[in-house]
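Line by line, the protein sequences are chains L and E. Note that the first sequence covers residues 1 to 377 in full-length UniProt numbering. Note that the second sequence covers residues 1 to 292 in full-length UniProt numbering. Heads up, the beta-carbon is just placed ideally off N, CA and C, and yes, glycines get one too. In this text the structure is predicted, and so the values were computed from the model without any measurement. Take a look at the structure below.
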Amino acid sequence: MDLTYTPEEEEFRTRLREWLGKALQGLPPKPSPDDWPGRRAYDLGWQRMLYDAGYGDVHWGASPTTRLIYLEETEKAGAPYVGAGFVGLLHAGPTIAAEGTPEQRARWLPPILRGQEVWCQGFSEPDAGSDLAALRTRARRDGDHYVVSGSKIWTSHAEVADWCELLVRTDPDAPKHRGISWLAMPMDAPGITVRPLKTLAGSAEFAEVFLDEVRVPVANRVGAENDGWRVTMVTLSFERGTAFVGEVVACRRVLRELAAEARANGRWDDPALRRRLGRLNAEFRALWRLTQWNVSEAEGTSGVPGVGGSVFKLRYSHARQELYDTAADVLGPASLDLDRPWTLDRLSSLSYTIAAGTSQIQRNIVAERILGLPKGR
Amino acid sequence: MRFQLTDDQRALRDGVRELLTRRFGPQQLRAAVEEPGRLDRALWRELGAAGFFALRLPEEEGGVGLGLPEAVLAFEEAGRALLPGPLVATHLAAGDAPGAATGETVVTDVGGCGLVEWLAAADVVRGDAAGAVPLRSVDPLTPLHRVAAAATADPVAVLLTAAEQLGSATRACELAVQHARTREQFGQPIGAFQAVKHLCAQMLVRAETARAAVYAAAVTADPADIDTARLLADDAAVRGARDCLQVHGGMGFTWEFEVHLHLKRTWVRTYRTGDATESEERLAAELLVEPA
Numbered sequence: 001m002d003l004t005y006t007p008e009e010e011e012f013r014t015r016l017r018e019w020l021g022k023a024l025q026g027l028p029p030k031p032s033p034d035d036w037p038g039r040r041a042y043d044l045g046w047q048r049m050l051y052d053a054g055y056g057d058v059h060w061g062a063s064p065t066t067r068l069i070y071l072e073e074t075e076k077a078g079a080p081y082v083g084a085g086f087v088g089l090l091h092a093g094p095t096i097a098a099e100g101t102p103e104q105r106a107r108w109l110p111p112i113l114r115g116q117e118v119w120c121q122g123f124s125e126p127d128a129g130s131d132l133a134a135l136r137t138r139a140r141r142d143g144d145h146y147v148v149s150g151s152k153i154w155t156s157h158a159e160v161a162d163w164c165e166l167l168v169r170t171d172p173d174a175p176k177h178r179g180i181s182w183l184a185m186p187m188d189a190p191g192i193t194v195r196p197l198k199t200l201a202g203s204a205e206f207a208e209v210f211l212d213e214v215r216v217p218v219a220n221r222v223g224a225e226n227d228g229w230r231v232t233m234v235t236l237s238f239e240r241g242t243a244f245v246g247e248v249v250a251c252r253r254v255l256r257e258l259a260a261e262a263r264a265n266g267r268w269d270d271p272a273l274r275r276r277l278g279r280l281n282a283e284f285r286a287l288w289r290l291t292q293w294n295v296s297e298a299e300g301t302s303g304v305p306g307v308g309g310s311v312f313k314l315r316y317s318h319a320r321q322e323l324y325d326t327a328a329d330v331l332g333p334a335s336l337d338l339d340r341p342w343t344l345d346r347l348s349s350l351s352y353t354i355a356a357g358t359s360q361i362q363r364n365i366v367a368e369r370i371l372g373l374p375k376g377r
Numbered sequence: 001m002r003f004q005l006t007d008d009q010r011a012l013r014d015g016v017r018e019l020l021t022r023r024f025g026p027q028q029l030r031a032a033v034e035e036p037g038r039l040d041r042a043l044w045r046e047l048g049a050a051g052f053f054a055l056r057l058p059e060e061e062g063g064v065g066l067g068l069p070e071a072v073l074a075f076e077e078a079g080r081a082l083l084p085g086p087l088v089a090t091h092l093a094a095g096d097a098p099g100a101a102t103g104e105t106v107v108t109d110v111g112g113c114g115l116v117e118w119l120a121a122a123d124v125v126r127g128d129a130a131g132a133v134p135l136r137s138v139d140p141l142t143p144l145h146r147v148a149a150a151a152t153a154d155p156v157a158v159l160l161t162a163a164e165q166l167g168s169a170t171r172a173c174e175l176a177v178q179h180a181r182t183r184e185q186f187g188q189p190i191g192a193f194q195a196v197k198h199l200c201a202q203m204l205v206r207a208e209t210a211r212a213a214v215y216a217a218a219v220t221a222d223p224a225d226i227d228t229a230r231l232l233a234d235d236a237a238v239r240g241a242r243d244c245l246q247v248h249g250g251m252g253f254t255w256e257f258e259v260h261l262h263l264k265r266t267w268v269r270t271y272r273t274g275d276a277t278e279s280e281e282r283l284a285a286e287l288l289v290e291p292a
């Protein structure tokens, strides 16, 4: 058991830190959350800066430890989050890299890495949420095209995306997991309607996407026809692996700010609140150690995070909600003020036990795939 | 960074587990419960010969020359097996109490909450145990005395206790899963029901998060890491034993089934090195210190 980094890893950290110190000074001002074109340009611009500096492929080209250092250092330096690049860099990109043909990799990966194209995710449907494999969006073959009809929901960045990683049913007669295919759908194709959805935090983070006889070339299918479920599982394990590293670093910073605020406003004198903060400190320290443990494990295997990501996600999503509930405890009635720093974060944190697999589904995964308990009916 | 067990560490853990399975299996555990207060001195010497107490002593002093990570792995196994006796106190005394390293001498100490474990059976007592009053211990395998003044716990004692808690947490999860896989009701294993499945999943989540915290504290020996390990391991152990009991239904409430011994021991360990609020307060105060 060793928590020291190799000289090469330390050198990577030093170089990155130096570059961040300079690069962040040249950043344009952050656009408002409602300005979608502005957000797209800002997030892609940051990815372009990373690419030009040689860090463009850090999310899937680098070793797990290098990725960990990258996410830790960028968060500490206050660098922009992956933003509109999220699906391209952490879902679709890794999937294409792992499962795509040489032609597909050459077509789609460089624009993701250079910050030229935005991807969105068309997985969930109104009637296929936790039971994702029940999805009904239909793709019928017509020559060298699929003709796709149906609807998708919770699609982040759909308004500004160039591509959608789309799950469709290509064999309605097969068992539900075996009739699904993974397609790259151009978002400017005729027949696509995007309707933004407002979250409970008041922001337009995601959208509904309606598909009416959309023609997608068969050449845009990644993986074999009807093998899309397996292809998708590759993507999801990425999402549950190192996706939260930067956030754990951020939560530890917020926790320090909370303690300082409690000290300033007198709440610190309440021992029950102090102990709650102390427990949260233990919680996020442990989550950081669990991250290091999982990353080391991934380093020893293929680099693809395993089901251990579900253990982490379960614990982390709960801890994040507890963090912002504690923030409200520190602020008191001021926690009702949307202009105070943690109020919106508290609202956003409510999605953590739902998005990317609800906590209930994660517990099923842990129980069935790690503990070997029988599947329920 | 390679934050995983090395091959040597795996071998050490397996070796301790093998020794404890052979020398302190279910039958010996049951026998020990029937004879409360008696410490198996032959087993104690065998542990000494295997290097359990001298694990961290330098080789030139007759020790094994290993570090905290290895000690944590050994104590995790002890916790898992419910091995009785003042193991932590004797391990800590191995460098200066004659005979402690070899298991000839049994050493106990005054704990962080003013409790002394195994006072009557011990050869040496560290701290002031004058006027110690026996109490009827809730744990049949840990005789307890109470003294007026509590001692300040050694951080290593806090960590090794956390390691024992981790062992109990892991064992409780295994027992619950075994039962949930085999016990059938309504025509199927009860582990197929999400209500049971989710209890088991949460046990694993708590145990594995605690494991990362305990192992990291063993590597860094940092005081805040040790407080973290303690809080996480106490929680994983106590709640794990409770959930394991629940999954076993009526069987879980019997004297015969071992889970009550885990639960009671996890309660004892919770108070061994002082109150948990001390760890919470230290970790809260740490938030006000600027990070390096």
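The alpha-carbon separation between R274 (chain L) and E281 (chain E) amounts to approximately 7 Å.
Using a C-beta cut-off of 8 Å, the region 114-132 of chain E makes contact with the region 141-148 of chain E, since at least three inter-stretch Cβ pairs fall below that distance. Rounded to whole angstroms, the separation of the alpha carbons of G15 (chain E) and R265 (chain E) is 23 Å. If you draw a straight line from the Cα of A204 (chain L) to the Cα of D212 (chain L), it comes to about 23 Å. Here K375 (chain L) is exposed: its Cβ has fewer than 16 other Cβ atoms, across all protein chains shown, within 10 Å. DSSP places C164 (chain L) within a strand segment (E or B) once states are collapsed to three. DSSP lists L:E165 as the beta-bridge partner residues of A184 (chain L). Legend: CB atoms of the region 4-38 of chain E lying less than 9 Å from CB atoms of chain L belong to residues Q4, L5, T6, Q9. Only those residues of the region 57-70 of chain L whose C-beta falls short of 7 Å from the nearest C-beta of chain E are listed: T65. By the Cβ test, the region 154-169 of chain L is in contact with the region 119-139 of chain L, since at least three Cβ pairs between them sit closer than 8 Å. In the displayed model, S168 (chain E) falls within a helix according to three-state DSSP. Where P217 (chain L) is concerned, the enclosing beta strand (DSSP E) starts and stops at 206-217. Per DSSP, the unbroken alpha helix (DSSP H) holding Q360 (chain L) starts and ends at 359-365. Around Y5 (chain L), the beta-carbon contacts reaching into chain E at under 9 Å are M1. When CB distances to chain L are screened at a threshold of 7 Å, not a single residue of the region 250-269 of chain E falls below it. Interface annotation, I370 (chain L): in contact with chain E, CB-CB separation under 9 Å. Interface with chain L (9 Å Cβ-Cβ cutoff): F53 (chain E) is excluded. Q362 (chain L) sits buried, since 16 or more C-beta atoms from the chains shown fall within 10 Å of its C-beta. Here R140 (chain L) carries a strand assignment [DSSP, helix/strand/coil].
Apart from sequence neighbours up to five positions away, the residues of its chain that approach S349 (chain L) with a beta-carbon distance below 7 Å are R320, Q321, Y324, ordered along the chain. With respect to T21 (chain E), F53 (chain E) sits apart: the two C-beta atoms are not nearer than 9 Å. In the three-state scheme derived from DSSP, where H, G and I count as helix and E and B as strand, C113 (chain E) is classed as coil. Contact between the region 203-217 of chain E and the region 165-177 of chain E is present, with at least three C-beta pairs closer than 8 Å.
When DSSP states are grouped into helix, strand and coil, K76 (chain L) belongs to the helix group. The alpha-carbon of F75 (chain E) is positioned some 44 Å away from that of P80 (chain L). Ranked by Cα distance from L47 (chain E), the first of E:G37, E:H248, E:E77, E:P69 is E:E77. By the CB criterion at 9 Å, L83 (chain E) and V107 (chain E) fall outside the cutoff.
Taking the beta carbon of W293 (chain L) as reference, the chain E residues within 9 Å of it are F3, Q4, E208, R211, A212, Y215, A216, listed in sequence order.
The contact set of T142 (chain E) on chain L, defined by CB atoms closer than 8 Å, is empty, because the minimum CB distance reaches about 26 Å. Looking only at E:P98, E:V72, E:T152, the smallest Cα-Cα distance to L159 (chain E) is reached by E:V72.
The C-beta distance from D225 (chain E) to A216 (chain E) rounds to 6 Å, short enough to meet the 8 Å contact threshold.
Nearest to A161 (chain L) by C-alpha distance, out of L:D43, L:S335, L:P7, L:K313, is L:D43. For S279 (chain E), the closest Cβ of chain L is nearer than 9 Å. Rounded to whole angstroms, G309 (chain L) and E73 (chain L) show a C-alpha spacing of 21 Å. Looking at the backbone, the Cα of S124 (chain L) and that of T137 (chain L) are separated by about 10 Å. Beta bridge pairing from DSSP links T155 (chain L) with L:A207.
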